[in-house]
């Protein structure tokens, strides 16, 4: 692999490689020409697929990225990334204890509502957390491999890769780069409540003919099926991408808001509390913030419970 300085250099490198191989193939002896021709085909195929070499941001890009997101030492910067419609804004609102539509809430909608990274400090000024809504790669005119660098994701303390139905090439690219930059990454599947209801319907549950007698049994069966299916799908996607297996958190923003804002565990809680605990503990460890300090900042009540 070649380390390149800057995201744009990745495309330039691939193009130069293809051109150089073509020129060598035209002038080299027959045997060398064949090798050069093969190199040209490989380079052009990689370019066509958007596959690029390892790209290392320059110090200038690092400084610019930090300035763009208003990065401040001493704060914990959480990025929520994923394709349009995956529920990023709703989850950010829930993490902050803000309901969709409230003053200061991240705007939500089926259509991507942002074309740039939006910054949302925690409403509690004593908590050193800042949340970022990263625009979905599907709404931007850029290949998957350049998404991580072009969005400056390398400056964040933690990155949540949020998906709705399936992991995309962009999600895999983010996870790959997080390993490269040693940034904690969390795979989260959103809209659990919606998906579980759909599974219940697929299993033949009909609420109109139930009368409430079978709902609990049908819900539990659909819940377990949905969690198992999600884990199996993510495991398969990671294996195909050459990445190690990693936990996936199944959440609903409605349950998350209840957990954060009301400090009430809903009967429908799945992994919301575990995600909050794991996310905050690892992020705070990166910034060397003692658990006791974080508890005091939250008025004496632990943010992990």
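Residue numbers (the numbering used here): 2 to 306. For every residue, glycine included, the Cβ atom is placed at its ideal position computed from N, Cα and C.
I need the straight-line Cα distance from residue i to residue j, nearest angstrom please.
i           : j           : result
residue 129 : residue 150 : 25 angstroms
residue 257 : residue 164 : 16 angstroms
residue 1   : residue 192 : Outside the modelled stretch of the chain, which goes from 2 to 306, sits residue 1, for which no answer is possible.
residue 152 : residue 265 : 35 angstroms
residue 239 : residue 83  : 16 angstroms
residue 273 : residue 194 : 12 angstroms
residue 372 : residue 254 : Only positions 2 to 306 of the chain appear in the structure, and residue 372 is not among them; the question remains open.
residue 118 : residue 134 : 6 angstroms
residue 220 : residue 148 : 38 angstroms
residue 358 : residue 99  : As displayed, the chain neither begins before 2 nor continues past 306, which places residue 358 out of reach and without an answer.
residue 131 : residue 281 : 12 angstroms
residue 1   : residue 259 : Not covered by the structure: residue 1. The range shown for the chain is 2 to 306.
residue 124 : residue 95  : 12 angstroms
residue 187 : residue 162 : 6 angstroms
residue 91  : residue 279 : 20 angstroms
Please name the residue, chosen from the options, that lies closest to residue i on a Cα-to-Cα basis.
i           : options              : result
residue 156 : 273, 256 and 59      : 59
residue 160 : 86, 239, 97 and 78   : 78
residue 189 : 73, 63 and 88        : 88
residue 185 : 219, 81, 147 and 127 : 81
residue 271 : 252, 281 and 280     : 252
residue 231 : 92, 219, 246 and 69  : 246
If I follow the unbroken alpha helix (DSSP H) through residue i, where does it start and stop?
i           : result
residue 188 : Run containing residue 188: none in the alpha helix (DSSP H); it sits in the beta strand (DSSP E), 186-190.
residue 261 : 254-262
residue 103 : Note, residue 103: premise wrong, no alpha helix (DSSP H); not H, not E.
residue 271 : Residue 271 -> no alpha helix (DSSP H), and no H or E assigned at all.
residue 163 : First-last for residue 163: 159-164, but that is the beta strand (DSSP E), not the alpha helix (DSSP H).
residue 227 : 216-241
residue 249 : From DSSP, residue 249 is part of no alpha helix (DSSP H) but of the beta strand (DSSP E) over 249-251.
Who are the Cβ neighbours of residue i in its own chain at under 8 angstroms, not counting the five residues just before and after it?
i           : result
residue 244 : 173, 176, 177 and 180
residue 234 : 167 and 168
Taking only beta-carbon atoms, is residue i less than 8 angstroms away from chain D?
i           : result
residue 152 : This model lacks chain D altogether, as it is built from one protein chain only.
Would you kindly report the start and end of the unbroken beta strand (DSSP E) that includes residue i?
i           : result
residue 78  : 77-82
residue 120 : 119-122
residue 133 : 130-134
residue 156 : Counting along the chain, residue 156 falls outside any beta strand (DSSP E), and DSSP gives it neither H nor E.
Given residue i, which residues of its chain have a CB within under 6 angstroms of its CB, disregarding the five upstream and five downstream residues?
i           : result
residue 197 : 223, 224 and 227
residue 66  : 153 and 156
Stretch pair the region 170-177 + the region 200-209: three plus CB contacts closer than 8 angstroms: no
Three or more C-beta pairs below 8 angstroms linking the region 162-173 and the region 98-105: no
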